[in-house]
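Trainee:
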Amino acid sequence: MKQLEHIGIAVKDIDQAIDCYSRLLNTSCYKTEVVESQQVTTAFFKLKEQKIELLAATSSESVIARFIKKSGEGLHHIAFEVDDIKQEMKRLEQEGFTPLQKDPFKGADNKWVAFYHPKDAHGMLVEICQEIH
Ligand code: ZN
């Protein structure tokens, strides 16, 4: 894996969270984007190479709605950038990590993404992502 790409934070209210993180990081949100397939609104902040991704549910069926109901707001996942997501998925499968989907799907911020079950990474939901060229 190349680098820590971003940290995902589950939030209840995207506008309030954008305001909060703008003040915390002292930088503006550079992008908001709805990912229909995941029923989330995302907002991104960039610090040098790493990003912060805020995620809010757009429906009560969203994974983020279920996460917040169970665990409250806060750290949701960590994402690592990879060069070849399909190759990395093969490697992770051989290492015994459990994918949450069969194939990579189109996530926010122009990326192919895949998620791995937290039970295999000491409670941390792991995302791998590859820039779509
Ligand atoms: Zn993410």
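For the sequence shown, the numbering used here begins at 3 and goes up steadily by one.
All residues carry an ideal CB built from backbone N, CA and C; glycine is no exception.
1. Name all residues in chain order for which at least one heavy atom of ligand 1 lies closer than 5 Å to the residue's CB.
2. Assign T100 to one of two classes, buried (16 or more other C-beta atoms within 10 Å of its C-beta) or exposed (fewer than that).
3. For the alpha helix (DSSP H) that contains I70, what are its first and last residues?
4. So L49 and L77 are in contact, right, with Cβ under 8 Å, and what is the actual spacing, rounded?
5. Between the alpha carbons of E97 and G109, how many angstroms are there, rounded?
6. What does Q193 pair with, by DSSP beta-bridge criteria?
7. In terms of DSSP beta bridges, what is L127 paired with?
Mentor: Reading from the atomic positions:
1. G10, E55, A81 and E129
2. exposed
3. V65 to S73
4. No, L49 and L77 are not in contact; Cβ-Cβ is about 16 Å, not under 8 Å.
5. 24 Å
6. Since the displayed the chain opens at 3 and closes at 135, residue 193 lies outside it and no answer follows.
7. Per DSSP, none; premise fails for L127.
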